[in-house]
Each structure stands twice: as C-alpha cells, then as structure tokens.
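Engineer: Counting from 1, one number per residue, gives the positions in the sequence shown under full-length UniProt numbering. Below are the structure tokens for one structure; questions will follow.
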Amino acid sequence: MATEVELLNEAEMKRALTRMSYEILERNHGTANLAIVGIKTRGAIIANRIKDRINQLEEADVFYGELDVRAYRDDLDQEKDKLIKDLSQLDFDVNGKHIFICDDVLMTGRTIRATMDALMDHGRPSKISLVTLIDRGHRELPIRADIVGKNIPTSRQEKIRVKMRELDSKDAVYIIK
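Encoded structure:
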C-alpha cells in the first residue's frame with residue numbers, strides 16, 4: 001500500500017517561494033525586462049505567486065503569462081494532440097525579455113523542452129531560466145533548473161504530489177512511496 005509523507009508544509013512552501021522570488025530578482029538584476037511564465041496548471045499557480053511576491057517587494061508590475069504545452073509534448077498521441085485547445089495566455093511581447101519558466105516538479109525535462117518550443121513560437125526572449133519548486137532528478141534530456149525550491153531525490157517508482165490552495169484547498173508537498 002502506498003504511503004504519503006509530507007515533505008513541505010504551507011509555511012515551508014511560502015518560504016521557498018519567497019526565496020525563489022529573491023533569487024529571480026538577483027539573477028535578473030531587478031525587474032527590467034523580467035517576465036514570469038507558468039506551465040499550466042500548478043506551475044502557473046507557482047508563477048503567479050512569485051509574480052505577486054516580486055511585485056510586492058519591488059513595487060513593480062512584472063510581465064506574467066501561462067503556457068499550456070500539451071500540444072508540444074513528444075510523449076502524447078499525435079491524433080489526440082490535434083484536438084487539444086491551446087489555453088496559453090501570453091499577453092505581452094516575449095522578444096527581448098528574460099523569461100523565467102516556472103513549474104511545480106522537474107523530473108525528465110520533457111515538459112520543459114515542450115515549454116521552450118511553445119515559448120519560441122511566441123517570439124525570441126533574450127534569455128530563458130528555469131524555476132521549479134521541486135527537483136526530483138531522473139533527467140532524460142540535458143535540462144537543469146536555475147532556481148530550485150527543494151531538491152528531493154526519488155526513485156522512479158515514488159511520486160511527488162504538490163498541493164496548491166487554489167486547487168486542493170491547502171499548500172503542501174508529499175512523496176508517495
């Protein structure tokens with residue numbers, strides 16, 4: 001039977017997201033040409049929280065968007081891909097921006113590859129950086145996160161579950177063994 005163990009509680013998640021917000025500001029040297037883009041669904045929630053924290057810290061209004069990358073995945077059925085409605089929301093020009101892609105869990109790197117493909121269809125950013133709440137290893141592609149909330153080495157059989165208040169009525173990260 002599967003066992004669920006809490007790795008991060010609400011307060012720990014909040015601290016991690018605040019630290020990640022500061023790291024973004026440091027890497028970008030402020031908010032000039034800064035854009036935060038979340039991968040739907042939980043990555044977009046994380047990105048929105050980071051954007052709100054940066055705006056609060058810097059009294060700024062950084063660019064924000066959400067990408068739905070299902071149609072760009074290389075591990076989905078091609079016929080079904082044609083039926084996917086793109087739910088992306090990028091209401092700014094990505095050209096020349098330093099884009100920080102946000103996701104909840106980084107594992108194989110395939111979602112990030114798809115995200116970069118989707119992003120490039122919208123223009124040419126000056127730089128792309130990767131932000132993830134959880135990095136669990138097991139890469140299949142040469143992709144590395146620039147900013148990580150927590151590194152959690154796992155076996156391939158274990159799962160990571162990120163709960164977000166907006167969807168799950170609480171914030172927490174669990175490992176399922």
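For each residue, glycine too, the CB sits at the ideal point set by N, CA and C.
Applying the criterion that 16 or more other CB atoms from any shown protein chain within 10 Å of the CB defines a buried residue, is S21 buried or exposed?
Structural biologist: So S21 counts as buried.
Engineer: State buried or exposed for E166, treating a residue as buried only when at least 16 other CB atoms are found within 10 Å of its CB.
Structural biologist: Per the 10 Å Cβ criterion, exposed.
Engineer: At a cut of 8 Å, does the segment 35-42 reach the segment 93-102 through at least three beta carbon pairs?
Structural biologist: The segment 35-42 vs the segment 93-102: in contact.
Engineer: Is E140 helix, strand or coil when you go by DSSP?
Structural biologist: E140: coil per DSSP, three-state reduction.
Engineer: From the DSSP secondary-structure annotation, give me the bridge partner or partners of Y22.
Structural biologist: Beta-bridge pairing links Y22 to no other residue.
Engineer: Pull up the CB-CB distance for R27 and S126, whole angstroms please, since I reckon it's below 8 Å.
Structural biologist: The pair is not a contact, with the Cβ atoms about 13 Å apart (cut-off 8 Å).
Engineer: Per DSSP, what kind of secondary structure is A172 in: helix, strand or coil?
Structural biologist: The answer is strand: DSSP assigns A172 an E or B state.
Engineer: Am I right that A60 and G149 are in contact with their C-beta atoms under 8 Å? What's the rounded C-beta distance?
Structural biologist: Their Cβ separation, rounded to whole angstroms, is 22 Å, which puts A60 and G149 out of contact at 8 Å.
Engineer: Taking DSSP's pairing of strands, which residues face G149 in a bridge?
Structural biologist: Partner(s): none; G149 has no beta bridge.
Engineer: Considering only residues of the same chain and omitting the five flanking positions on each side of E4, which have a CB-CB separation below 6 Å?
Structural biologist: Same-chain partners within the cutoff: Y174, I176.
Engineer: Thinking C-beta only, is L57 closer than 8 Å to T115?
Structural biologist: The answer is no: Cβ separation not under 8 Å.
Engineer: Return the CA-CA distance between G30 and R113, expressed in angstroms with no decimal places.
Structural biologist: Between G30 and R113, the C-alpha separation is close to 26 Å.
Engineer: Output the distance between the C-alpha atoms of N33 and R124, rounded to the nearest integer angstrom.
Structural biologist: Using only the alpha carbons, I get a separation of about 13 Å.
Engineer: Would you call the CB atoms of D86 and R110 closer than 8 Å?
Structural biologist: No, the Cβ-Cβ distance between D86 and R110 is not below 8 Å.
Engineer: Just mark K51 as buried or exposed, buried being the case when its beta carbon has 16 or more other beta carbons within 10 Å.
Structural biologist: The residue is buried, with at least 16 neighbouring Cβ atoms inside 10 Å.
Engineer: Taking Cβ positions, are L25 and I54 nearer each other than 8 Å?
Structural biologist: In contact: L25 and I54 (Cβ atoms closer than 8 Å).
Engineer: Let me know if R156 comes out buried or exposed under the rule of 16 or more other beta-carbons within 10 Å of its beta-carbon.
Structural biologist: R156 should be labelled exposed.
Engineer: Looking at the structure shown, is G123 part of a helix, part of a strand, or coil, going by DSSP?
Structural biologist: Note: G123 maps to coil in three-state DSSP.
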